[in-house]
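Reviewing the structure listed below.
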Amino acid sequence: MSFEDKIDVVRKKKVWFAQFRYPTPDSLEYFLEENAAEGYSLNPIGETGMFYYEFTEAKSGKCKFLVDRSGLSKAFYVETMINEEWELMGQSLNCYIWRKYYEGERPADMNDKVCLTKHGRNTFIGFLIAALFCLAAVAGLGIGTYIERKVNGKFFVHHYLYMAEALVILLIGIYFIRTSIRCFKYWRKMKKGY
C-alpha cells in the first residue's frame, strides 16, 4: 500500500486572473460551471479573488453558478438568496457569486437583469476608456520619437526604449479593446433581454 493510499490527497488548483479573463457575468458563470463539471469545487472567494480563484478537487456534480449584481439592499438580497438555498461564494467584478448544487432540473436564473445591464454598460465604458488611454499613450510615444528624431537627425538608444514601451502599452491596449468588445456584446445581449 503506497503512502498516497494511506492519506486522503486533496488536489488544489489556482486559476490566475480569472476575473480579467472572464470579464462578463455569463462567461464567468460558464467558466465556474465547467470547473465544477470537471470535479473542482470553487473555494470561497476572499481578498485574493482579484488575483486568483482557488479550486479544490471534489466529486463532480451538477452545479449552477450565478454571477449577479442587485439593486436591492445587501442584507435583504443576501437573505433572500440564502433562503432560496444559494451559497454565497464571495464578490468579484462588483458582483456576487452564488453556487447551488442540484439534481434533476437546472435551477432558474435569479439575476437582476436591470442591474446586470447597467453593469455591462459600465464595464464596457471602463474598458473602452482604458483602451483609449493606451492608444493615446502609444500615439504620444510614437509622435514624440518621430519629432525628436527629425529634430536631432539621428536615432538614439532611448528611442528603442520608447518603442519597447509603446509595444507593451499597445499589447495592454489590445487586451482592453478585446475585453471592451466582449463587454459591449454582453451589454447589447442584456439590453435585448437575452
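Here the sequence shown stands for residues 747 to 940, numbered as in the numbering used here. Backbone N, C-alpha and C define an ideal beta-carbon position, used for all residues, glycine too.
His943 classed as buried or exposed, judged by whether at least 16 other C-beta atoms fall within 10 angstroms: There is simply no residue 943 to check, as the chain begins at 747 and stops at 940 in what is shown.
Helix, strand or coil at Ser973 [DSSP, three-state]: In this structure the chain extends from 747 to 940, so residue 973 is not present and cannot be described.
Specify whether the region 836-846 and the region 870-886 touch according to this definition: at least 3 beta carbon pairs, one from each stretch, less than 8 angstroms apart. Between the region 836-846 and the region 870-886 there are fewer than three C-beta pairs closer than 8 angstroms, too few to call the two in contact.
Cβ neighbours of Met747 in the same chain (closer than 7 angstroms, five flanking residues each side left out): Residue confidence is low: Met747 scores 45 on pLDDT, short of 50, so the model does not pin down where it sits. No coordinate-derived value is stated.
Give me whichever residues DSSP pairs with Ile923 in a beta bridge. Looking at the DSSP assignment, Ile923 forms no beta bridge with any residue, so it has no partner.
Quick check: the Cα distance between Asp814 and Ser806, rounded to an integer number of angstroms? Linking Asp814 to Ser806 through their CA atoms gives a straight-line distance of about 24 angstroms.
Using the rule of at least 16 other Cβ atoms within 10 Å of the residue's Cβ for burial, across every protein chain shown, is Ile828 buried or exposed? Around the beta-carbon of Ile828, fewer than 16 other beta-carbon atoms lie within 10 Å, marking it exposed.
Sequence-distant residues of the same chain with beta carbon closer than 7 angstroms to Leu874, five excluded per side: Taking Leu874 as the centre and dropping the five residues before and after it, the same chain places the C-beta of Ser926 closer than 7 angstroms to its C-beta, in chain order.
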